[in-house]
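Notes to accompany the following structure.
Dropping the structure here:
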C-alpha cells in the first residue's frame with residue numbers, strides 16, 4: 633500500500649490535471665463563442681450592406697425611369 637503522502641500527491645496531481653483539462657475546455661469554448669459572435673456580426677453587416685445596395689439600386693432605377701420619361705417627352709416634342 634502507498635504511503636499517505638504519496639496518495640495525497642497522486643490525488644493532487646490528478647486534481648491539477650482535471651483543472652487544466654477543464655480550463656482548456658473553457659478557453660476553447662470561449663474562443664468558439666467569440667468566433668461565432670464575430671461571424672454573426674459579419675453576416676449582419678453583409679446583410680445590411682445588401683439591403684442598402686438594394687435600396688440604392690431601386691432609387692437608381694426610379695431615377696432612370698424618370699430620366700427615360702423626360703427623354704421620351706423631349707423626343708416627342710421635337711417631332
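Residue numbers (my numbering): 633 to 711.
Here a beta-carbon is modelled for each residue, glycine too, at the ideal position from N, C-alpha and C.
Straight-line Cα distance separating residue j from residue i
i: residue 689; j: residue 657; result: 47 Å
i: residue 633; j: residue 643; result: 15 Å
i: residue 678; j: residue 685; result: 10 Å
i: residue 692; j: residue 654; result: 56 Å
i: residue 702; j: residue 687; result: 23 Å
i: residue 664; j: residue 675; result: 16 Å
i: residue 673; j: residue 661; result: 18 Å
i: residue 636; j: residue 667; result: 46 Å
As assigned by DSSP and simplified to three states, the class of residue i
i: residue 635; result: coil
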